[in-house]
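**Student:** Next up is a structure, given as structure tokens.
Residue numbers (my numbering): 27 to 185.
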């Protein structure tokens, strides 16, 4: 994956995230679940914290700080992604950068990240998330898989 492909995949993740969030904002009411199938609802919510609502109370009044920290991390991950040698690893970094950028746009525009994908099973309920979060997760999985596929260097044999 070359630089244009890296940028293209990051932009694709960003655009898909923003389009789905725009649709969620237009069609869903805040905290009113819309059942899609058993175990999955569309439920509009807003996250002022980090991933999956962590540090929600801590960062609620500091959206610009969260956006700046995420932006700095996205720049660093772009640098790492452009240097990555394996295509799967580069794709993973591109997905993370695209997802992080989508969440940065939300924080700058409305002070919180729009979440709407709501999965549950019996008594277990996963925190609501969005397309950007899914891209970040899939990107991390891709990087881990690429790391497992990386050829191991063999040391000189001792004789």
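Ideal placement from N, C-alpha and C gives every residue a C-beta, glycine not left out.
Helix, strand or coil for residue 54, going by three-state DSSP, please let me know.
**Tutor:** coil
**Student:** Identify the continuous beta strand (DSSP E) that holds residue 61 and give its terminal residues.
**Tutor:** 60 to 63
**Student:** Tell me whether residue 92 is buried or exposed, calling it buried when 16 or more other Cβ atoms sit within 10 Å of its Cβ.
**Tutor:** buried
**Student:** Would you list the one or two residues that DSSP bridges to residue 72?
**Tutor:** 140
**Student:** Taking residue 172 as part of the alpha helix (DSSP H), name the residues at either end of that continuous run.
**Tutor:** 157 to 175
**Student:** Less than 8 Å between C-beta atoms, sequence neighbours within five positions excluded: which residues of the same chain meet that for residue 70?
**Tutor:** 50, 51, 54, 55, 56, 57, 58, 140, 141, 142
**Student:** Kindly indicate which residue of 108, 145, 48 has the alpha-carbon position closest to the one of residue 67.
**Tutor:** 145
**Student:** Pop quiz: residue 118 and residue 160 are said to be a contact at Cβ under 8 Å. What is the actual Cβ separation, rounded to whole angstroms?
**Tutor:** Contact flag wrong, Cβ pair sits at about 13 Å.
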